[in-house]
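Quick notes on the structure that follows.
Residue numbers (this note's numbering): 120 to 1241.
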């Protein structure tokens, strides 16, 4: 069907008459100045977001009118059914909340004050909080999604908040995504998840979180599934007897607009966009507004046709104009001049030299929006080497240290990403670097000759970070991984190209450092087990495993720790000769035979050691705190330490350093970050030597946002090209995908637009753990969370007062579970009224959280009464940041009580919220206290992921093989913590990442049935995040999981449960009945009855000196029995 401009298609009316549309061709692009998103329509007016603001325009197109103007970011605007109001989600003061503004403009009104935005910690990414998704049909309430009452950040519920103000009230659906009401407002069509609202949009997805559309009757709680597609059916839009929705069920898997006749069930495609997904379509009284490829379209109910709205957006360019930036806020790489008088930093893609005392700060790289990083100063002080990422290209560069002249590339090969470490040989001829194919290289800076040293196939990113040259530049030492995944030491002959493995791989050996006199090789080795017995089970772990070691390079060199005696002092040099004699660089010869056997331990305390360097007989090294899930042990911090070989003494030079250190080529100066400030310190074996702070305040640079955005896009594209796990997929599709979304860069008006484009680009591969987040938004400030009382409010409408519907008890003995209103001696109970907060009256038109805004960290005064008109009394409470963990503990305890009740105490219940610190913490709290029960439910639902699956299965996959007793008949099984009962695991679409893996391993180990629904399907993995030019971060899937049968498993499918059971949302909302838990209890009770597991009683005591049986004769056929 031929496409026309909207004015020609719609004519005058955009009437309410409903015509059956047919599949349409993609219209030709029209003029547009911005990326248009989140459009909404009423009559002949369309509102949308562009450049972080809300705009309106007539359906005939033209110049848009701005409705919001602020320093934050406004998104998801939706017109009310009466066309008078626009609700939207605003990101101000670090929080996302719901706001409303008149369609005619004017002041903006805030409706919510409770934002819970989870950060990214390697888990599944979630949608922003408080996203506007609809209106009630009477235009009185805004509907939005929030996790304010959720125990898990994946779960968002729909809430209604009156535009007149007041407390939001939850709709009954237990979890919700995009939704739409029928005309009477009695039935909701909805998705169960907000997957499509997340920052990362995974396309071609068929796992357990693939959306279908459901209905929920608000009066009866009846629920039905409307669509049954394996992929994505989302954005339901109700219009009479027709349900419109977006689906990828068409060709090429592109999300397009579809419709379903609710009477006949007939489904028909409406649009046929071939490249870009339909973005956030929304329904109004006259049609459907949508965007595609950044362009605005309207589908008319009257004509049954789609047309582009040609709109220009007069943004003014405030977020795209070049500006001055303090680059010291984003320092990522550093080195020190060979004489210690200057430092060089890479910051936001530029290089700066900063003097130690006097002089001026100089920006020595000036290519707009290239990403220059990893600076390394040459030993003669003339040159600085660095990595330059420029567009889709990456090279190792060399330039004059004073910034003059033209830099030159030391590498020419394309289709690679180059990385550090850039390490100069002491003679200044050679430079090390690595590439994205995990190869270590040497390049001669004089003639460009290159030598491939070796490859580390066991390390995808960050290999060879511990290279060290011998003082004569003839040898290069480093570590690399062996097939057993342990690191061994290697030495490469620069002259002859011979590679020598010098340690066996019995331990993790790393961080070699040649001594300046050419006699020794220092290194770090994790051979100090230091076992620590677990406090909650009979397990052990090694802590601070690293020691410092030194070996002699030649067999006849004595040990540096050989016994010694005092000798007469050497004669002093004659006056006038000091400093005249030039030290000759020693020739380093190595006896490789027995080199590692000559190693001895340096007498320093065991630690976690991450970096070493030696100069003038002093070894410098960095220690880091004991790694603890969820943070570090209080009081521990990284330290810079030193060991003087001649004095045989150790010193701590600095506590609280940030990262590593740089040592000047002449061995005189150390550069490091000390408590947030960069300092230069004399490299003296003296704890009293004072570091001198560097003045980095003059690292000012010009930032051109548009140039940066193009570079960032290409960086992100290149990172996927060079590191993504599946090279065949990259060869087949990646160039085309990159071109598709690169074409949208001219429309980008805000850093958030860029993230949206890049997320769609990387999401086009359809793989898990591919994320883009962060960056210099300009408008985004740190979150200012609203204080929480650990309670939920409800309104007594007739009295106009709020009461405490629920008080969470928490666990005041455990950090993180502090419950403000459950403290001893507080005179407050569930059902009491809160009449005032900090002296301000709390009435129906006020949202209680509005009065709690800005009170975090303070003591709050609450006026409490038993009735709305009762005599009040005052209590003082200390609030919490949010009540998420209190909700979690409440949910766990409720489920545990229900399981206990249904099973008459026979079955235990353990919930795994994630596979990181919280998950392990909760496992320990729950599992061991119930290990004596004959049945156990392990609840893996809504598991956010992490990495502790092996830790858990080391416990769960144990079987007792013996027992112990004493004279009183006590029972001690062996292994002590093995579980002898029956287990079942609950899984669902929220079991993600390592939650997927937990479900998979539970099945593979045959520990019991898995009950519930199919899991997320995300078992690609990654090792590091990639920093982008402006502080943004990217995650690229670098590894992929497959089964022992050499077939791919779980990814984009999920784990299929042994017993499929879907939660009935009506039963859960109305009766709090969890059918998955009920099924698990029934299954386990049957198992317990049919196959009871009883503790084996001890045998009768043996009589004194019992007769022993005759044992078989010696079976040895050769030799004799011992």
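Using N, Cα and C, we set each Cβ at its ideal position, and we do this for glycine too.
- Rounded to whole angstroms, the gap between the alpha carbons of residue 494 and residue 1188 is 59 Å.
- For residue 418, the CB contacts under 6 Å within the same chain, skipping 5 residues up- and downstream, are 406, 407, 425 in chain order.
- Assignment of residue 842 by DSSP, reduced to helix, strand and coil, places it in the helix class.
- Taken in chain order, the unbroken stretches of beta strand (DSSP E) that lie wholly in the region 1014-1065 and span 3 residues or more are 1026-1030, 1054-1058.
- By the neighbour-count criterion, in which 16 or more other beta carbons inside 10 Å mark a residue as buried, residue 1107 falls on the buried side.
- The C-beta distance from residue 553 to residue 538 rounds to 5 Å, short enough to meet the 8 Å contact threshold.
- Excluding its 5 nearest sequence neighbours in each direction, residue 203 has C-beta neighbours in its own chain below 8 Å: 221, 222, 258, listed in chain order.
- With a beta-carbon spacing of about 6 Å, residue 565 and residue 548 fall inside the 8 Å limit used to define contacts.
- In this structure, residue 378 lies near residue 363, with their beta-carbon atoms less than 7 Å apart.
- For the pair residue 1096 and residue 1114, the Cα-to-Cα distance works out to about 23 Å.
- Apart from the 5 residues on each side of it in sequence, residue 256 sits with its Cβ closer than 6 Å to the Cβ of 200, 300, 304 in its chain, given in chain order.
- In terms of Cβ geometry, residue 1003 and residue 1025 do not form a close pair [threshold 7 Å].
- Each residue's CA atom was taken as its position, placing residue 525 and residue 459 some 25 Å apart.
- By the Cβ rule, the region 324-342 counts as touching the region 305-316, because three or more pairs are nearer than 8 Å.
- Distance from the CA atom of residue 423 to the CA atom of residue 395, rounded to whole angstroms, is 21 Å.
- Annotation for residue 879: the continuous alpha helix (DSSP H) segment containing it runs 870-882.
- Per DSSP, residue 1205 lies in no beta strand (DSSP E); the unbroken alpha helix (DSSP H) holding it starts and ends at 1194-1209.
- Here DSSP, grouped into helix, strand and coil, assigns residue 449 to helix.
- The region 862-882 makes contact with the region 893-901; the number of CB pairs closer than 8 Å reaches 3 or more.
- As a beta-bridge residue in DSSP terms, residue 747 pairs with 750.
- Residue 1130 is not a Cβ neighbour of residue 1111, given a cutoff of 7 Å.
- In this structure, the straight-line span from the alpha carbon of residue 840 to that of residue 488 is close to 21 Å.
- Counting only residues of its own chain and dropping the five nearest sequence neighbours on each side, residue 938 has a CB closer than 7 Å to the CB of 909, 927, 928, 929, 931, 1005.
- Note: residue 489 is not bridge-paired with any residue in the DSSP secondary-structure output.
- With contacts defined as CB atoms closer than 7 Å, residue 507 and residue 491 qualify as a contacting pair.
- Between residue 354 and residue 400, the gap from beta carbon to beta carbon is short of 7 Å.
- In chain order, 233, 235 place their CB closer than 7 Å to the CB of residue 267, counting only its own chain and leaving out the 5 sequence neighbours on each side.
- Spanning the alpha carbons of residue 585 and residue 730 requires a straight line of approximately 7 Å.
- The C-beta distance from residue 975 to residue 918 rounds to 29 Å, too long to meet the 8 Å contact threshold.
- A distance below 7 Å between beta-carbons, with the five flanking residues on each side excluded, links residue 500 to the following residues of its chain, in chain order: 456, 457, 458, 520.
- CA-CA distance, residue 1228 to residue 1208, rounds to 39 Å.
- DSSP lists 610 as the beta-bridge partner residues of residue 619.
- Ranked by how close their Cα comes to the Cα of residue 663, the residues 744, 468, 472 have 744 in first place.
- Taken atom to atom, the span from the alpha-carbon of residue 286 to that of residue 336 is near 23 Å.
- Taking C-beta atoms as the reference points, residue 1061 and residue 273 count as a pair closer than 7 Å.
- Between the alpha carbons of residue 790 and residue 454 lies a gap of roughly 7 Å.
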